[in-house]
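As structure tokens, the structure follows; a few thoughts come after it.
In full-length UniProt numbering, the protein residues as written are 1 to 412.
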């Protein structure tokens, strides 16, 4: 009997009525003959509330207890979902991460899944259980402590279970009906994609698209798990939502699949750094040690043995970055004349596997931005992505202009 994984996000289980609606969807799949593994998030807003309680109780909290508290929201949802299914005469039971067990590292708050032994759940399926309702986002460390996988971790839980049980598919139910060419709230011409390649989805997720957690897409790509993103609030068909799959399963696609953006970026420039071997290692090693997530990096042409080094990072990490480079200067690891920070920038990116075989994408992108009078501050590229930093006030205009320039409102 085939296994199907169904994951319901916080908005999909925000109330008892929505849990009932989700349970009906599960019952339909059971009636089709599937054994179903359901992954649930905490009810919408509950994890934020729990995080707030931890902060109020202990500002310098013990990360192990933080995980014990913040993982509890999923336990409530799992129990309620199992009860609802039982009321519908569907044999179901709830599982917390440690009961499966979902074996993780000991990095509390950001644990990574090491293994999901399937024996316990398979034994219950053999005894007649039809639905295993799993509390997402959580696992157990080698020390026997509860761990959490980071925000959005239920997506990763779902994909990991799909891989461990060789599931037919992993359906991610959320408050949107699929993956769009860009954010429909910014561009009314945004079009829902029927299919998107793993690599494209991974880039879009890492660049700011918040539909799927980046780690979940990485796992799906590694283990060839078919992902389907669809709405829990609309009637479904077998073709509903967006399928995230191998590039080979997509017959034709546009050169550019989508436009992503990240609003809260900062551009930081170290002025007049010594241009010598090891300087980049000294700078970015210090930033890495401080936990700064550096993205775009540009080094200017050297002049008289000095150069400028520019990089971008999230706005909320600017203070940490400033402290890290100043500390490195005090230690004598690096020398620079000044540190200039611009917190008024945004990152806009175009993504598409078609870039591998088509020329002129960068030229078209820069031409579209120029036509709108938008100045580019930093550019980075990869095989299937071009990203630029621009003034934040032009971000929405840039997204709309690029969406039009690449004809993303039309299917290939």
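Ideal Cβ positions, reconstructed from N, Cα and C, are used throughout, including at glycine.
>> Only counting the same chain, and skipping five residues up and downstream in sequence, which positions put a Cβ closer than 6 Å to that of residue 226?
In response: Taken in chain order, the residues that qualify are 169, 245.
I need the straight-line Cα distance from residue 61 to residue 306, nearest angstrom please.
44 Å
### Task
Please name the residue, chosen from 379, 361, 375, that lies closest to residue 405 on a Cα-to-Cα basis.
The residue among 379, 361, 375 with its C-alpha nearest the C-alpha of residue 405 is 361.
>> What would DSSP say about residue 8, mapped onto helix, strand or coil?
In response: strand
Distance between residue 262 and residue 207 (C-alpha atoms, nearest Å):
When rounded, the distance between both Cα atoms is 6 Å.
In three-state terms, what does DSSP make of residue 32? Of the three classes helix, strand and coil, the one that applies to residue 32 here is coil, per DSSP.
- Nonlocal neighbours in the same chain, by C-beta distance under 7 Å from residue 276, ignoring five residues either side: none
| message | Please list the terminal residues of the continuous alpha helix (DSSP H) segment that includes residue 49. | response | First-last of the alpha helix (DSSP H) with residue 49: 46 to 57.
| In this structure, what does DSSP give as the bridge partners for residue 187? | Looking at the DSSP assignment, residue 187 forms no beta bridge with any residue, so it has no partner.
**Prompt:** So who's on the other strand from residue 314, going by DSSP bridges?
**Reply:** 265
ask   = Excluding sequence positions up to five away, which residues of its chain have a Cβ less than 7 Å from the Cβ of residue 178?
value = Close CB contacts of residue 178 within its chain, under the 7 Å cut and outside five residues either way in sequence, are with 192, 193, 229, 230, 241, 242 (chain order).
field: As assigned by DSSP and simplified to three states, the class of residue 169
entry: strand
Measure the Cβ-Cβ separation of residue 35 and residue 125 and say whether it is below 7 Å.
A contact, by the Cβ cut-off of 7 Å.
Same chain only: Cβ atoms within 7 Å of residue 315, ignoring 5 sequence neighbours per side
264, 265, 266, 343
Would you mind listing the beta strand (DSSP E) stretches within the region 84 to 119 that are 3+ residues and don't spill past its ends, in chain order? 92 to 95, 113 to 115
Cα-Cα separation between residue 324 and residue 290, rounded to whole angstroms: 6 Å
Quick one: what does DSSP say residue 141 is sitting in, helix, strand or coil? coil
query: Excluding the five sequence neighbours on either side, which residues of its own chain have a C-beta within less than 8 Å of the C-beta of residue 293, listed in chain order?
result: Take residue 293, set aside five residues on each side of it, and the residues of its chain with a beta-carbon closer than 8 Å to its own are 313, 314, 317, in chain order.
Quick check on DSSP: helix, strand or coil for residue 180?
DSSP places residue 180 in strand when its eight states are reduced to three.
Reducing DSSP to helix, strand and coil, say where residue 344 ends up.
Three-state result, residue 344: strand.
Review point. Is it buried or exposed for residue 355, if we count other Cβ within 10 angstroms and need 16 for buried?
Key: buried
Between which two residues does the beta strand (DSSP E) containing residue 244 stretch?
-> 242 to 245
Using the three-state DSSP reduction, which class does residue 155 fall into: helix, strand or coil? Note: residue 155 maps to helix in three-state DSSP.
query: Can you pull the DSSP bridge partners for residue 338?
result: Beta-bridge pairing links residue 338 to 271.
Rounding to the nearest angstrom, what Cα-Cα distance links residue 121 and residue 199 in this structure?
For residue 121 and residue 199, the distance between alpha carbons rounds to 31 Å.
Pick from 377, 27, 284, 73 that is closest to residue 51, judged by C-alpha positions: 73
- request: Could you check how far apart the C-beta atoms of residue 212 and residue 155 are, in whole angstroms? I think they sit under 8 Å.
  value: 6 Å
Expected contact under 8 Å - CB spacing of residue 415 and residue 384 to nearest Å: The structure shown does not extend to residue 415, since the chain spans only 1 to 412, so no value can be given for it.
Problem set entry | Selected residue, minimal CA-CA separation from residue 221, among 201, 233, 12, 235 | When only C-alpha atoms are compared, the closest one is 201.
**Message:** Checking 7 Å against the spacing of the C-beta atoms, do residue 40 and residue 81 come in under that value?
**Reply:** Contact: yes.
(message) Less than 8 Å between C-beta atoms, sequence neighbours within five positions excluded: which residues of the same chain meet that for residue 141?
(response) 104, 105, 106, 108, 111, 147
Within this structure, are the beta carbons of residue 77 and residue 13 separated by less than 7 Å?
yes
For residue 55, count neighbouring Cβ atoms within 10 angstroms of its own Cβ and tell me buried if that reaches 16, exposed if not. exposed
With 16 other Cβ atoms within 10 Å as the buried cut-off, status of residue 53: exposed
Notebook entry, point to check: Does the Cβ of residue 185 have 16 or more other Cβ atoms within 10 Å, making it buried, or fewer, making it exposed?
Noted result: Exposed, because fewer than 16 other Cβ atoms sit within 10 Å of the Cβ of residue 185.
Can you find the residues in the same chain that come closer than 8 Å, C-beta to C-beta, to residue 339, ignoring five residues on each side of it along the sequence? 268, 269, 270, 271, 322, 325, 326
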